[in-house]
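Asker: The numbering used here puts the first residue of the sequence shown at 203, with every later residue one more than the last.
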Amino acid sequence: MNSLSTSVEQQLQLAAKVFKYSIEAIFVTNLKGCIQIVNSSFERITGYSAEEAVGQNPRILKSGKHPIEYYQGIWSSLEKDGQWQGEFVNRRKNGELYYQRTTIATIKDKDNQSISYCAIFSDITKTKEAERKLISDLELARKLQKSVLSKPIRNESIHIDGIYFPSTELAGDMYAWYQIDDHRYGVILFDIMGHGVASSLVSMSIRSLLRGIITSSIQPAQLFNELNHHMRVLYQQNEREQSCFFTAIYVLIDVKERIIEYSSAGHPPCFLMMEDGGVQDLDVGCPPIGLLPELIIETGTILLKGRSQLFLYTDGLADSLGKDTKENIEKLKKLVVGLSDLDSTQLLERVFEETNRKDGQFEDDVTMVAITIH
Numbered sequence: 203m204n205s206l207s208t209s210v211e212q213q214l215q216l217a218a219k220v221f222k223y224s225i226e227a228i229f230v231t232n233l234k235g236c237i238q239i240v241n242s243s244f245e246r247i248t249g250y251s252a253e254e255a256v257g258q259n260p261r262i263l264k265s266g267k268h269p270i271e272y273y274q275g276i277w278s279s280l281e282k283d284g285q286w287q288g289e290f291v292n293r294r295k296n297g298e299l300y301y302q303r304t305t306i307a308t309i310k311d312k313d314n315q316s317i318s319y320c321a322i323f324s325d326i327t328k329t330k331e332a333e334r335k336l337i338s339d340l341e342l343a344r345k346l347q348k349s350v351l352s353k354p355i356r357n358e359s360i361h362i363d364g365i366y367f368p369s370t371e372l373a374g375d376m377y378a379w380y381q382i383d384d385h386r387y388g389v390i391l392f393d394i395m396g397h398g399v400a401s402s403l404v405s406m407s408i409r410s411l412l413r414g415i416i417t418s419s420i421q422p423a424q425l426f427n428e429l430n431h432h433m434r435v436l437y438q439q440n441e442r443e444q445s446c447f448f449t450a451i452y453v454l455i456d457v458k459e460r461i462i463e464y465s466s467a468g469h470p471p472c473f474l475m476m477e478d479g480g481v482q483d484l485d486v487g488c489p490p491i492g493l494l495p496e497l498i499i500e501t502g503t504i505l506l507k508g509r510s511q512l513f514l515y516t517d518g519l520a521d522s523l524g525k526d527t528k529e530n531i532e533k534l535k536k537l538v539v540g541l542s543d544l545d546s547t548q549l550l551e552r553v554f555e556e557t558n559r560k561d562g563q564f565e566d567d568v569t570m571v572a573i574t575i576h
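Next comes the structure, spelled out in structure tokens:
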């Protein structure tokens with residue numbers, strides 16, 4: 203009997219020490235919500251001493267930031283499940299607002315009757331502030347990334363436009379185009395492996411090189427070799443880092459000679475639609491850029507017939523149509539060909555409408571470019 207009594211006493215002493223020294227705040231109320239006991243972490247976080255808190259209702263911490271329905275939901279969970287977990291914005295004794303992550307549990311006696319409530323919470327204010335700063339930084343980066351996208355070109359010879367829709371705040375997709383001289387234009391669309399911060403940084407790194415490369419190394423093979431070298435240098439500095447690669451399509455358009463030269467680096471086949479009804483896949487090229495030390499690059503050359511339209515896209519668009527990649531590409535081609543009488547901007551808008559999911563979200567980054575050559 204003495205042994206049992208000693209064991210119970212030791213357990214009670216241990217429980218008291220856990221309560222006292224817990225880094226998380228703990229307080230217990232009776233069924234009417236009157237605070238019966240608090241630990242030192244409660245005092246530290248809230249600013250209320252035990253003497254000030256005991257006998258009070260937890261409403262002394264109320265910030266006014268939550269509607270009454272929020273608290274009704276808590277009581278409903280306690281009655282139904284015997285516990286509740288969530289977050290509060292509360293107010294310290296000095297009036298300062300803070301965030302807390304809380305667990306509330308119903309305490310029951312041996313007859314399974316509720317006798318009190320125990321709340322355990324931690325101050326997550328710094329975490330919330332860091333999250334807000336990260337969101338703000340990501341929004342700024344997203345705006346910066348969007349700001350460097352090429353603006354539409356529209357003249358009597360050519361019309362180029364694009365749509366950029368990241369699945370997250372930042373994307374690995376990017377497009378760019380430049381007028382090289384009075385009759386030639388270089389257009390590139392690329393898709394970095396993955397999406398998010400890392401992919402967007404790589405895409406911005408590539409974007410910073412494009413104007414110089416496209417306007418000097420005009421041919422598709424030259425451009426892809428330059429970009430492949432850039433990617434190899436970028437990642438060979440740290441051999442432990444996972445290498446990064448991207449797919450791309452580059453089209454050199456000569457509106458005077460009515461000819462295009464292109465190369466596709468592991469990219470989904472893009473489409474060329476001509477006035478006579480002919481449709482051609484742009485699928486000649488090489489493996490994705492950054493995978494291999496050296497690339498053997500093929501270039502396709504096509505003579506344009508009458509009004510022609512190019513449609514370039516990233517795989518996120520095709521993937522939004524289903525699980526079968528080949529079937530998706532055929533669906534997309536059929537859709538685009540059926541809209542080829544529209545101008546570039548209208549074509550992009552209609553394709554976006556037809557492929558966009560009802561919730562307005564894509565699982566992957568989606569980018570499209572449409573080019574009308576008159």
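A virtual CB, placed ideally from N, CA and C, is assigned to each residue, including glycine. Bear in mind the structure is a predicted one, so any value in this text is a computation, not a measurement.
Contact check, Ala-332 vs Thr-304 under 8 Å by CB: the rounded distance?
Answerer: Incorrect: roughly 20 Å between the Cβ atoms, too far for contact.
Asker: Say whether the stretch 489 to 500 touches the stretch 455 to 471, bearing in mind that this needs 3 or more beta-carbon pairs closer than 8 Å, one atom from each stretch.
Answerer: yes
Asker: Measure the C-alpha to C-alpha separation of Ala-255 and Val-240 and round it to an integer number of angstroms.
Answerer: 8 Å
Asker: What are the partner residues of Asp-483, as DSSP defines its beta bridges?
Answerer: Phe-473.
Asker: Nearest-angstrom Cα distance between Glu-463 and Asp-339?
Answerer: 40 Å
Asker: How would you label Asn-296, buried or exposed, when you count the other beta carbons within 10 angstroms and need 16 or more for buried?
Answerer: exposed
Asker: Tell me the DSSP secondary structure of Ile-155 in three-state form.
Answerer: Coverage of the chain is limited to positions 203 through 576, which leaves residue 155 absent and any answer about it impossible.
Asker: Pick helix, strand or coil for Arg-442, following the three-state DSSP scheme.
Answerer: Note on Arg-442: pLDDT 47, under 50, position unreliable in the model; the coordinate value appears next. Looking at Arg-442 - three-state DSSP - the assignment turns out to be coil, as it is neither helix nor strand.
Asker: When DSSP labels each residue in this structure, what does Ile-575 get in the three-state scheme?
Answerer: strand
Asker: What residues are listed by DSSP as bridge partners for Thr-503?
Answerer: Glu-463
Asker: How would you write the range of the beta strand (DSSP E) that Ile-322 sits in, first residue to last?
Answerer: Run containing Ile-322: 316 to 325, per the beta strand (DSSP E) assignment.
Asker: Determine, for Asp-521, whether the minimum Cβ-Cβ distance to residues of chain C falls below 8 Å.
Answerer: The structure shown has no chain C; it contains just one protein chain.
Asker: Under three-state DSSP, which class holds Arg-509?
Answerer: coil
Asker: Since Gln-548 is in the alpha helix (DSSP H), which residue starts that stretch and which ends it?
Answerer: 546 to 557
Asker: On the three-state DSSP scale, how would you describe Val-291?
Answerer: strand
Asker: Whole alpha helix (DSSP H) runs in the stretch 399 to 436 with 4 or more residues, listed along the chain?
Answerer: Taking only runs of at least 4 residues, the alpha helix (DSSP H) segments lying wholly in the stretch 399 to 436 are 399 to 418.
Asker: Which same chain residues, not among the five before or five after Arg-442, have their C-beta less than 6 Å away from its C-beta?
Answerer: With a pLDDT of 47 at Arg-442, under the threshold of 50, the modelled position of this residue cannot be trusted, and the question is left open.
Asker: According to DSSP, Met-376 sits in a beta bridge with which residue or residues?
Answerer: DSSP lists Phe-392 as partners of Met-376.
Asker: Between which two residues does the beta strand (DSSP E) containing Asp-456 stretch?
Answerer: 448 to 456
Asker: Can you name the residues that DSSP bridges to Arg-261?
Answerer: Paired residue(s): none; Arg-261 is not in a bridge.
Asker: Just to confirm, is the Cβ distance from Ile-498 to Cys-472 under 8 Å?
Answerer: no
Asker: Answer yes or no: do Ile-531 and Ala-520 have a C-beta to C-beta separation smaller than 8 Å?
Answerer: yes
Asker: Quick one: grab the DSSP three-state call for Cys-236.
Answerer: coil
Asker: Identify the residues that DSSP records as bridge partners of Tyr-223: which are they?
Answerer: In DSSP, Tyr-223 forms no bridge with anything.
Asker: Can you have a look at Asn-232 and say buried or exposed, based on whether 16 or more other CB atoms are within 10 angstroms of its CB?
Answerer: exposed
Asker: Does the stretch 285 to 295 come into contact with the stretch 262 to 272, if we say contact requires no fewer than three beta-carbon pairs (one atom in each stretch) closer than 8 Å?
Answerer: yes
Asker: Starting from Asp-517, trace the alpha helix (DSSP H) in both directions and tell me its first and last residue.
Answerer: For Asp-517, the enclosing alpha helix (DSSP H) has its first and last residue at 517 to 521.
Asker: Could you check which residue in Leu-425, Thr-501, Ser-352 has the C-alpha nearest to that of Ala-572?
Answerer: Ser-352
Asker: Could you give the DSSP three-state label for Leu-493: helix, strand or coil?
Answerer: coil
Asker: If you follow the alpha helix (DSSP H) that Gly-540 is part of, which residue opens it and which one closes it?
Answerer: Secondary structure note for Gly-540: its alpha helix (DSSP H) is the uninterrupted segment 527 to 540.
Asker: Could you check whether Arg-293 and Lys-264 sit closer than 8 Å to each other, using their CB atoms as the reference points?
Answerer: yes
Asker: In the DSSP assignment, find the beta strand (DSSP E) that holds Ile-309 and state where it starts and stops.
Answerer: 299 to 310
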